[in-house]
Amino acid sequence: MRKAYIAGNWKMNMTPSKGARFASELAKAAKEAGADVKMMVAPPFVTIPAVLEALKGTGIIVAAQNMNDHVSGAYTGEVSPEMLKDLGVETVILGHSERRSYYKESDEFINRKVLLAIEQGMDVVLCVGETLEEREGGKLEEVLTTQLTGDLKDVKPEDMKHITIAYEPVWAIGTGKTATPEDADSAHAFIRAKVAEMYSSDIAENLIIQYGGSVNASNVKALMAKENIDGALVGGASLSVEKFLPIITYDK
Ligand code: PEP
């Protein structure tokens, strides 16, 4: 049985003080509402310490939105997994489409980060997904295959328990457009089948696959009702208690 895993990607929003205040309000609201999903928030790097403090003892995971592919060294402006771990951060989002497109992150580079995160004992939420042009050009499966095989290259079967996949069609991120539950489920089913082929049906069966792309209070139930959708990676709607609470309590 796969436990629902709902995550909020705050992107470049929330100063440390705002983030801490918001995290406390969210934790309180989640507790009062009896939310029982696995929950994660990913604040910007500088906001992480304040949010960790605010969420201590709540069980809500605090993740990073990215990390460098080295443990330390002359990489000005970068943040390493060792630094994150020292703070108490054990989960990192890698391969988000904004990083792929704005910062030109390749599958090879993402793969180096995935391998390093695992070596450092961290959990990874690995984002994959196609652009509208790729979808309309019939390349969905080819794109997902390239990303999955490239990003997970050399990841050992026993380490797959540290991997969550977030299927995020690029055209649905921050646009208000959502994949239909059927389209999302079929992409998730493809990802699961590909992972079964790369690893085993057991590993694929246990793999958590989140959907991301304009998830909100009104579409979350229909998405989560689908067989292959095990959670959500939420951007815009994770930035207020009013919008995020109905998502983390979609099953109430
Ligand atoms: C995201 O950033 O991963 C995302 C899915 O954003 P939004 O929910 O705003 O589309």
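Read left to right, the sequence shown gives residues 50 to 301 (this note's numbering).
Ideal Cβ placement from N, Cα and C applies to all residues, glycine included.
Given the structure is predicted, the values throughout are model-derived calculations rather than measurements.
Item, Value
"May I ask which residues mark the beginning and end of the alpha helix (DSSP H) holding L165?", "D156 to E168"
"Comparing the CB of I222 with every heavy atom of the ligand PEP, is any distance shorter than 7 Å?", "yes"
"Using beta carbons (cut-off 8 Å, strictly below), is G187 in contact with chain D?", "Absent from the structure is chain D; it holds one protein chain and no more."
"Could you check how far apart the C-beta atoms of K60 and G262 are, in whole angstroms? I think they sit under 8 Å.", "In fact, because the Cβ distance is near 14 Å, the residues do not count as touching under 8 Å."
"Where in the region 202-267 do unbroken runs of the beta strand (DSSP E), each at least 3 residues long, occur, reported from the N-terminal end onward?", "212-216 and 258-261"
"Please classify K87: is it buried, with 16 or more other beta-carbons within 10 angstroms of its beta-carbon, or exposed?", "buried"
"What number of angstroms, rounded off, separates the C-alpha of T194 from the C-alpha of I240?", "8 Å"
"Is I159 near L143, with beta carbons less than 8 Å apart?", "yes"
"What separation, rounded to the nearest whole angstrom, lies between the Cα atoms of I257 and V244?", "11 Å"
"Below 8 Å on the Cβ atoms is my guess for M209 versus I252; work out the distance and round it to an integer in Å.", "5 Å"
"Note the first and the last residue of the continuous beta strand (DSSP E) segment covering L143.", "T140 to L143"
"Do you know offhand how far L101's Cα is from G187's?", "43 Å"
"If we count the other Cβ atoms within 10 Å of its Cβ and call it buried at 16 or more, is S250 buried or exposed?", "exposed"
"Just to confirm before moving on: does the CB-CB distance between G225 and Q259 stay below 8 Å?", "no"
"List the DSSP bridge partners of M88.", "I55"
"Just curious, the beta strand (DSSP E) that V174 is in, first and last residue?", "D172 to V177"
"Give the straight-line distance between the Cα atoms of T198 and I97, rounded to the nearest whole angstrom.", "31 Å"
"Should L282 be counted as a contact of the ligand PEP given a C-beta to heavy atom distance under 7 Å?", "yes"
"Please classify T213: is it buried, with 16 or more other beta-carbons within 10 angstroms of its beta-carbon, or exposed?", "buried"
"How far does the beta strand (DSSP E) with A111 in it reach, from first residue to last?", "Just to set this straight, residue 111 is Val in the shown sequence, not Ala. Its beta strand (DSSP E) spans residues I110 to A113."
"What do you reckon, is the C-beta of V204 under 7 Å from a heavy atom of the ligand PEP?", "no"
"Need the endpoints of the alpha helix (DSSP H) that V192 sits in, please.", "L189 to D200"
"Any chance the CB of H145 is under 7 Å from a heavy atom of the ligand PEP?", "yes"
"Report the three-state DSSP secondary structure of V283 (helix, strand or coil).", "strand"
"Locate the alpha helix (DSSP H) running through K134, then write down its first and last residues.", "P130 to L136"
"Which residue's Cα is closest to the Cα of D118: I110, A112, V111 and E127?", "E127"
"With 16 other CB atoms within 10 Å as the buried threshold, where does T227 fall?", "buried"
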